Each structure stands twice: as structure tokens, then as C-alpha cells.
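Single-structure report; data block below.
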């Protein structure tokens, strides 16, 4: 417990005691009401704050508790002290039961299920006449007795205070126990939680049940306190108030629900002389608090407190790097003939390979080759349609991801999937116990000296030097990567799957990650790596697997793969000789698009560093570079989808860097985005018509006709939904959709991505035709040879900088291009 | 005969739910948010129409038109006040914020419109009943499903055939690409909320002659309509309308055969069961999960 | 910059909390010259808000008369303190507690909602504060089994109304088979018991069907159809005005001209407007009507109403007349009891009420010994009148 908690908690208890000993019957009743509401709120906070779910039916559990106590004490003469625990248990069971249909749904769907549950309980209470007294309810519920004496209102208020304190302690214990942390892990990233072996179904069920127990106990006391309950005591509106108690006080804070309850219950009473305006007032108050204090009152106070009194950082000590112990088990991972399709598209076909312990096995290939899908097949995120995945003797095929994880497979993600609202230390600790939490852990602390030492060792091993207590959401990009790797190691895996661990990293950091991965393999782990940075792949891999269009096209040691002509063709493209050169060279006109000092970043990591480039009207300019060089970011920035950090974009002499994407498009700077991005549910013709939305031509029908003439394949399919088209057809459609706006400058992002060679040729022939008609085009493509074949000029982009520019011939001669794509040959040796 | 009259009633109520649910649909598909207090907007439609037509004595068509404009504007206001600020900071608090705004408008209406429920003066749509297979039917009862289904068709035509309709559907399917087409996504979201308000207003005005007008009249309708939207799989306009009709008919049949006491329990239990079996709704489609 | 605005909120929130605590806690000793505080817990918002307003008018007119005549207990004025129960029993309970403990009221009045009054009755007995029901008719409010009993009523009582309704259906319409249409809430349940009990005593009439509906139901033809099929010759209706109007509209839609005999709930709102053309076909029970020949008190009260509320020009503008009439008489009876008790002590007032000396010439009738320790209801079947709407006017049918 932090001092601020003790201080504020102590203050509240003192205030409450003072109020209880001076209050009259009405005040005691209201105070007790505050306490009971707080208890429900504290329980609901487990659901809302810790596990990030929502319930708009919590009054149902409150009602179940109240009716249980009322029926048992009034009809069956049971003691209140026996009835109250039963009420808690029954509510908990109901909560667990409700979680079953609620498990598979999120957001509004979950809200609906809980609303429905609330109504069912309220109505059932009204209809189960014999049991609940129907609409008349149950009267004459006696106050609790102790040593033969009935509790007075004051003693009931004291009982409530004790229960509030107990609830707070229980909440605090759960909060720092493995269970509480596991719930938060699930809230922050469900995939990552599963990948460290957490079972989301079990966890959500427990969260629902626990939260219902609190509400049930509070309801039980409510019945004896008011002496009377009826279905009308538990209206739907009360559920909304309970949720508000948590949100206004501050979700995922210990005292939040208490403060929330004070406000929600006391304020309307304070204004009871304005009787009829109470509800209006509550509504306005809610809006104001939700708008101004999004983290709730306690959450906002804590945030301010931290700003003025930052806690001393707990740094990782140098030395003592520790590695996982299970590493050297010697099991190899064997993938045999694995295939999977999505909606008729074969994402991975017949993939077979073996990953040896102590080796780095890399999977490379152009974008869309199926690399991440392959990783997902291994990790159990997808079940393969055919084929098997074996780890040693254990068959992992088709098992859910948390079970695959428990078998010893850890992974990291393309975009880091840390538990962002948890500390670095907790991220690791969670992985250590992941999937192995038991009921006994409910009261235990997640942090033990032994676990902490191990976590520090791992962090030292990966080279993290920051604060142990920092929330991972606030870390620098490289630190996120390192912590994610450390978390994977904390899970004690045999195999680590890494999906682009160097994406978005600078050269120095990339080198650091490379050395780290090598050391992992040297320590006996099986490392499977997907990476676009070829210097990294070629530098550390023992074995390289090349995928193209879902199939393996080459495999072997890096030096062999580098020389394989099929690999070069897959990366650089082929058939370029068939491209028609420019027939009539149009003299370049005035500058259509000029970019100066353009920088762009995602969060903390800068992706583009001060780019300069320009296109004259009538030119076709290509921007080349490996994946991750920043090509797509450049295109997104030019089109206004991504806001630049610095620099100027002048389109026909006017600055457009501050304009929104739709405005830029209306001016005629039109992007055909990467991955086609057609509107799948609309027909071909509707897609084309929509292309002209921002710049409607005088005769749209004629313009659409012209596009169908230009792309005869589209005419055949004009009434079909775009989602049903093949990749090539979708690309044609995307270009047609861009052209129909009669753009001044057309930006083309990776048009050949994922297309078969024949289609690529057809596509490039069309682009050459456009060029010859005088269109101004900026083309980004991984297929460098193809792009160079039709371009007038080209820029080569590497790590967010332009490293070379010139005519196609000059670029080809400089050899810079190959290095940019397949890595520097010199670095392989290092 | 009991069955037939239940069917007629069910279709009428069902198309009310369907219309309100269509309002949930149109904002959800454009912005992944809804006005949780849709029932209040419905109430606003009835209250405004009553005020303009009965209290102020304006001609009915003008009163209805202005009431509907008011509902559409209210929809836009809800989005600006209670949805956009929260969506901008990636918070899901819009759900509670719209509930809060619903409470506010309910109470403002309570103080301005008055506390006692009012009734629309009967028109020939109510009084000129005719008989179908021995069941007496008011024209209004027929009008409601006709307008409901008609609006669903009109909306589909607007969405599928017009430039702006296509643009709204595009925002649903791919927001970034829509912006690249020159579509202002902010405006599209506002228009969606305006349409949502419009649908709710139409529902309110249609039901008013059969019901009583008061500040609380929309609450249960709103909740049931939300159940309907969820059941229909909130991303499918026809699914939503069908679910509305199904829900209305089911409700009427349960009332007819078991009495109205069990209607809510049964209907809401069916909602839970349906969602447990088909988490994406009866007519919804599951998306492909991606890492 | 979002932070400054959030920062500003924090002191505001704390301020409000402290204000709340401050508001909730003031309780000081009463001084002799203080006004006599009387409470009123009723629906002041929501669908039944009009009933609360009607009661308020009755109470206030009586209070004004009493205060103008010099107040009670040697010049102490009566002060009315009102709290909203939103028609919800838990809210009503809290409001009643506040009136008893914080405002220290000598006695307090109830509202239209039987469920709320049923919830408050045990509290009134426990805290020995007289509670006067002026509208809610559920039998169990006054007949609550407590001794001594602090709950009184100047209003109809379901058990007696139910007998009257069955008799009337038989006498007026010659119905031998009746069907019940009851709202699905405690009031409906109270009347279900009462009507079934009345049926057992009454050989001329038989209940052939009991149907229930929700307040928010739009269409009640299924229930009515079942009653029709069961052979009902009259409908006994127990519900408030808005759903009652829905019932009348459903009946109209079916084209079934069965007589409707109703409890008085339908008089609580604009029933004629809500129910439409057939509103007049529902005959219902009242304790008082401002139409027809008015006695001296009636003229006086009607005059005051016209004077005080500009929208009232005649009896047709007095909405929910029973609320106003019952409250008016009840306030005068309570005032007499306080004067007789000579103090504001709850027990003394109760004893005075149970043994009220002298005659009170009231609006509804002339009261002599209206209450006794056994009987806490001032009105009986002889005080009920059957009425129906003619346009907006409530006109006696007998």
C-alpha cells in the first residue's frame, strides 16, 4: 500500500466513523447506502477496471443477494450471518453462469446480454410469486442479530463500513495477485495474453463471478437494512448508476468506486429539495465528469500526484544476465505440408520445414508471401486446413494458442503487443506464471523476490536499462521490442517466434537486436524469425526459408539463398525486358509535386528523415527500396493519411501538408493505396463511381465507360462485388478508381503486391500506356526491375533516407539497389 | 383470430423496433458507435410533432417535417456532444455519455412538455377501421410496417444507388480508402447520426397515435430496439429490419399465448440464447481475425 | 491542452462532495416558535407527476386556510416540505427517512403510488410518525397489522372499492360474467385479491378471466380477446390513466362495446385525450367530483383553485380532482388532530386522530369520528361516487 492510499483511506474511515456516530436515522441510512453502492462498485471494478469488460446488468446480482437473504431469513428463519455468505455464493454462481454466453461477445453485444439478464432477474422476481412475494415484495426483513441483540441502524452502518474495508482489502489483494495482473494482461492485449498461456475463457468467467459476489453481499445487507424489497427496488437504471460509480470514481483504482459512490448517492440527496431536478442534474454531472476527467476522479488525482511526486525509477542492475532454464531440451519443430486458405485464397500452401534447436531459422519473402500466416499456424492462432505441426513428439496441430504456448512456444509481434497499462516488471512476471495460476494465487502477490530476480536477469540479458516500474505503454520503441523479447523469454520457452523484431528500429538498435537473437540461439533456443531487414537476416541466420505467394521457393544457408535466381526474381521482379520504353518522350513540364525536408514518425520512432523529392508534370517517377524503408509511409504522408512531423509538400505550388486526406484528394493528388483497398461490398462500377466522389466529372457515366474500356477485365465483372475479384482485378479496379478522378498526380503504392508475374506484366503495360498519355505518376514498388523499366527517373529509399537518385540506367549501375534489398554482402560475415 | 390480430400487432411493433434498430445500424456501420439513448430520440419525435401540430396548431405535414428535422439535428448534436469527443481519445465512454445525454433530454422534455402523458387527436387513420378475416384493423397499423419497410428500402436505395449513399457505405468498409476518394469522414458520421435521429423520429411519430406521448415513452422501445439491432447482427440493414419484425411478432405471440407477464422474460432469454449461439447476431457475419 | 480544464474540475468535484456532506448532515434542535413541519412524499416527476401536483394543490389550499386563520398551537404556521419519490419505493423510503430524521416532520402525506406507500408504512410505524395516505388505495397500507398503527387514509380502499365495482357491473349493466384487466404491479395484485374476495361474497357475478398487462404495453387486444372468448359481459379495469387509455383503444380497435367499470386510476391524467372517443364508456369510482351542485366548501375550494391557478376556469380544468379533494380534507383532519393533541409528538397526534373530537365539515363529506383504533380509513363505500367522462367533464352516472 502506498502512503497516498493509506492516508486517503484513513481519512475516509475517520470521516465515515464520525458520520456514523453523529448521524441520525436518515443520515445513517444514506451512509449505508453509499457503502453498499461502493461495495458493488468495487466488485464491478474487477470486471470493468481490471478485465476491461462492461456490465449493464449488475443490479441483477444485487437483487439475487437481497432476495436470498430475505427469503432465507424471513421464510426459513435462517440467521443473517449464514444467509449472507450464501447470498454471495449464489450471486457468484449466477455471475459465472452469465459469463458463459457473455464470453464470446464484446462491446455492445456484451452490454446487451447483461441488460437482458438484468431485466430477466427483475421480471422473474415479480413473477415467482410463491418465492419472492411477487410485486408486493418481501416485507419485515429483520436486521441482523448478534448475541441476541438486533442491530440498530447505527450498527448496520458500522457493519457496512467493515464490509467496505474488507472489500477494499480483497480488491487490493486480487489487484496485485497473479489473477488481477492476468485480467489486466487480457484487457491490454488478448493475443499476447494467450501467447503466454493465459486462458481467456476461465479468466473472464472468474472476473464475472468475483464481481457478482461483491454485488450479492451488498444486496444481502441492503435487504435487511431497508426491511423491504420488491422488484421495483432493482430497476435497470440502478445498473447504470453502478457503472457510473466506477467510471466517475476511476476504473482500475482502488478507492475510485468509493469516491464514485459518495458522489452518486450523496449528490442527489444533497439536492433533494430540488426534488424534480435531481435526474437532470445527475445526467449533466455525468456528462461533465466523463468529458473532463476521463480516468475518473481518483484516476485524475493519481495522475496529478505522480506528476508532482514522480516515484524514483527502479533501474535494472548491470550484470547477472540470466537465461531461461528449459532452453536446452533439444526438441526440434517440424512443420509438415501445412496449408490454410482464407475465402478461397491460399495464404500458405504445402509448407514444410524443420527448425533446429540452437539455430536461427528465418522466413523471408516479399510482402503478402504468407510469412505471418505461417507464424500464426505454428503459434496456434490459426488451425491449418491440412498438415501437422510437431514439437518433439508433441502434436501442436490445431491446438488453441494458450495451449501451444504452454507447450513452450513464445512469440513476439510485428506491432508490439505489450500489456501497455502494466509495468515492465509485471509484463515479465505475468509471463513467468502465465497459464499456471491457481485459486490459491488469488491472495498471493505476483511479485516474489525470486521472480523479481529472474526478471531482472532477463532484462539485463536483453539489454533493457530502463525503469522496472515504467508502464510499457510509455517506453521508447526499442525498449518495447526488448521488453517483449524478455517477456517471451520469461515464459521459459523452447521456441521463440519473432515477427519483424527490427521493424521501425534504427541501425544501431537493429544491430543490438541481431546480436541478442544470435545469443539466444547460441544458448540453445530455437529461434524462428520473420524479418524484412535483409542485413539482419543474412547476418544471423543458420537457415533461411523463402516464401512467395504462400509457397516455399527456396531454402538453405544465407549465402546459398542470396544467389538463388528465384529469390532475386521474387524480390526484384522479372519480365522487365518486355516493357515498352517511352515512345514519345514528352518534355517534362513544370514541377507538379515538390517535397522538402519531409519527416514522419509513428509514435516515438521516426520513419522518414528529411526527404526531398520532386516530380514534374508528365513524368513517371519510381521510389524504390526494401520493405520497411519508408516507402508506404511516404505515400501515406503525401496523401494526407499520415501527418508529417516536419517538412513541406507543395502540390502545384500550394502547400498541402496541413490538409486532410479528403481535401488533398479533392485537389487532384490521388493515392491508389497499398493492398488495393477496394470497397469489398460494393460492385465494380460502384467502386469506380466512388473514385470520382471528390472530383465529379461533367459526365460520370462516360468516364466510367472509358475506364471499363481501358480495363476490359473489369467490364466482364462490372456488376460483381469487388471483394470477389482476384487480386489482379482488384488492383486494376483500384487504379481505375484512382484514374476516374482525373488526378493531376497519381500516387501508386505497391501495385504489384501479391500478383502473379503474368498479371504484373499486364499491369505494368497499362502503367506504361498511362505514362505515354502524359499522366504524372509517382510509383512505389518492391518490383524494382519492373518499376525501373517504365520510369523516367527513380529514387532509392533506405531506412527513411534517399540514398540515391537518377535515371534507371544510373540506378542499375550503382548496385545500391541490390544492397538495399538483400543486404550488404559485407555484413554477412560479421 | 387471436393469432391474426397478434400478427398484425406484432408487425406494427416490430417495424417500430426495426426502424429504431436501423438507427443503431446506420451509425454503427459508419462509426462503430451508437446513440444508446435512441429511445429518447424517438420520444423527441413524438413530442415535437405533438407540440407543433396540436399545441401550436401548425398543419400536420409541416409539423411532421419540422419534428423530423429536429430529431435529425438532435442526432447530430448527440454525436458532437457525447460521441466524438470520446472516440477522439479512443475511449468507450461514449456509451455512458449517450445514456447521460438521454437522461438530460428526457428531463428537459419533462419540464418543457409537461409531466402528464398526452394523446394525439384521432385521425381517420385511427378511426376508419376495416376488417380482415374478422379482425378489425386500423389503417395506422398497416401504415407503420409499410413506412418501416418503405424506409428500409429507401435507405438501401440511397445507400446503393446515390453518390452520397455509396460514400457512407465506403466509410464503413474502409475509412482510409474513403478519405482517399475525397470523402469527409467527419461529415459522413454526422450524416449517419442525423439519419439515425430521423429514423427514430419517424418511429416516434408513427407510434404516437397508438400510444401515449410522454417523456418516458421511448425507454423500453430503445432497449428492445437495441436488442433487435444486436440480434440482427448490427452490420446488416435487412437483418436488423427482419430481426425487428421477428421480435415484434414473437413478443405479440408470446403475449397472446401465455399472457404479457412472461413476454419480457421470454423475449430477453431468447436474446441471450441467440447471442450465445451466434455471437455475431442472427444475420451478422463473423469477421476474419487478424494479428 | 486538456489538463488545465481537468485540473479545474477536481476542486469542483471535491467542493460538491463537501457540499453534499454538508447538506446531508444539518440537524438542529427545534425551537418552540418554529413552524410545524408537515411532509409530503409523492411522485413529482415521471409519468405520475400530475397526481403529485394535484395533491400538492389540495394540501396547500388547506394549509393557506389554516395559516390565514392563525396557524396551530398558538400561532405556529404550517410548513409543507415535499420530496419526490419518482414512483419508486426505494426512493420513497429514503425520502420518508429524510423527512422524519432530518426535517423532523410532525406527520407526512403520501402520493398516488400504492407500492411506495406500502414500503413507507412500516417505517412510519417504526419511527412513530403519523403517515396519511391521500390517494394510494392498496388495502395493506392502512390494514398493515401494526399496533399501534400510525398509518391513516382519507381515500378509497381497494377492498371496499372492489366490492363496489362488482356490484356496479351487475346493477348498472346486468353483467353476470366479468373479466379483469389488471396492471401488473402491486396495486394490480392488491385488487386481484380484493376482487376475488369480493367475488366470493357476491353470488350474482362471476369472474371468468383475469388478465394482466404492463404499463408500457401498446396493444392489449390479445388479453381482451381472451376475455371476450371467455364470455365476459363487463370489464373491471384497474390501472392508471395512460395504460388505461391503451386498454380503451385496444377495445375500440376490436370493435367490442363491452361495458368498462374502472377503479379510479384512470382519472389521474388526461384520460379523455389519451383514450380518444370511447373515453366516456369507462365508468369509474371517485371520492369527489367538482361537477354538479357544490356544497359551501366545494364552492370555496373551487374558488380558491381558480384564483390561485390561472389555468383553472371551471371544474373541467381541475385535473385529478380526487387527489386535491382527499388531500384538502386530510390536511384539515391532521390539523385538527395536532390542535387536539396540543403537541407535534407523533404518538399524541395518532391518539388524537383515533379519537377526533368535534365535527369537520369537509369537501367530500362531513366527518364525525372519522378514525378509530380499529379503522384508519375515513372514507367508505357510501362516499364513493360512480362517474364517467363527458368530453373533459367528470359527470356522475348515478
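Residue numbers (our numbering), protein chains in the order written: chain G, 589 to 1418; chain W, 426 to 716; chain B, 6 to 403. Backbone N, C-alpha and C fix where the C-beta goes; we use that ideal spot for every residue, glycine too. Remember, it's a predicted structure, so these values are computed and weren't measured experimentally.
Close partners of residue 1253(G) in chain W (Cβ separation under 8 Å): 604, 605, 606, 607. The Cβ atoms of residue 215(B) and residue 185(B) lie closer than 7 Å to each other. Among the CB atoms of chain B, one or more fall inside 7 Å of the CB of residue 547(W). The Cβ atoms of residue 625(W) and residue 448(W) sit closer than 7 Å to each other. Contact between residue 996(G) and residue 1082(G) holds: their C-beta atoms lie close to 4 Å from each other, under 8 Å. Residue state for residue 1140(G) is assigned as strand, using DSSP reduced to three classes. Residue 392(B) is not a Cβ neighbour of residue 299(B), given a cutoff of 7 Å. Sequence-distant partners of residue 654(G) (beyond 5 residues in either direction) whose C-beta falls short of 8 Å from its own C-beta, in its chain, are 675, 807, 808, 810, 811, 817, 821, 822. At a C-beta separation below 8 Å, residue 55(B) has these neighbours in chain W: 540, 541. In the DSSP assignment, the residues bridged to residue 1183(G) are 1201(G), 1237(G). For residue 1361(G), the number of other beta carbons within 10 angstroms of its own is below 16, and it is reported as exposed. When the Cα atoms are used, residue 1155(G) and residue 599(W) turn out to be separated by approximately 33 Å.
Taking C-beta atoms under 8 Å as the contact rule, residue 279(B) and residue 637(W) qualify, at a distance of about 5 Å.
By the C-beta density criterion, residue 487(W) is exposed, having fewer than 16 other C-beta atoms within 10 angstroms.
As for any alpha helix (DSSP H) of minimum length 4 sitting wholly inside the region 1032 to 1115 of chain G, the runs are 1037 to 1050, 1065 to 1078, 1095 to 1110, ordered along the chain.
Short of 6 Å from the beta carbon of residue 1366(G), and not among the five residues preceding or following it, lie these beta carbons of its own chain, in chain order: 1203, 1209, 1335. Contact check for residue 237(B) against residue 213(B) passes: the beta carbons are separated by less than 7 Å.
With a threshold of 7 Å between beta carbons, residue 835(G) makes contact with chain W. The three-state secondary structure of residue 449(W), taken from DSSP, is helix. Under the DSSP assignment, residue 94(B) falls in the alpha helix (DSSP H) whose first and last residues are 94 to 102.
Listed along the chain, the chain W residues whose CB falls inside 8 Å of the CB of residue 700(G) are 651, 652, 655, 696, 700.
Per DSSP, the beta bridge partners of residue 1365(G) are 1208(G), 1334(G). Here the C-alpha atom of residue 332(B) lies approximately 43 Å from the C-alpha atom of residue 671(G). Closest option to residue 529(W), judged by alpha-carbon separation, among 1099(G), 1046(G), 876(G): 876(G). Taking a C-beta cut-off of 8 Å against chain W, none of the residues of the region 653 to 670 of chain G qualify.
Around the beta-carbon of residue 639(W), 16 or more other beta-carbon atoms lie within 10 Å, marking it buried.
The DSSP-derived three-state label of residue 648(G) is helix. Under DSSP, the beta-bridge partners assigned to residue 241(B) are 185(B), 266(B). Of the candidates 1389(G), 1382(G), 705(G), the residue whose Cα lies closest to the Cα of residue 1401(G) is 1382(G).
The alpha carbon of residue 682(G) has as its nearest neighbour, out of 1264(G), 785(G), 800(G), 740(G), the alpha carbon of 800(G). By the Cβ neighbour-count rule, residue 1299(G) is buried, with 16 or more other Cβ atoms within 10 Å of its own. Annotated as distal: residue 851(G) and residue 1125(G), with beta-carbon spacing of 7 Å or more. By the Cβ rule, the region 1096 to 1112 of chain G counts as touching the region 933 to 949 of chain G, because three or more pairs are nearer than 8 Å. In this structure residue 1097(G) does not touch residue 1118(G) by the C-beta definition: roughly 18 Å separates them, more than the 8 Å allowed. CA-to-CA, the gap between residue 96(B) and residue 105(B) works out to about 14 Å. Among the CB atoms of chain W, one or more fall inside 7 Å of the CB of residue 218(B).
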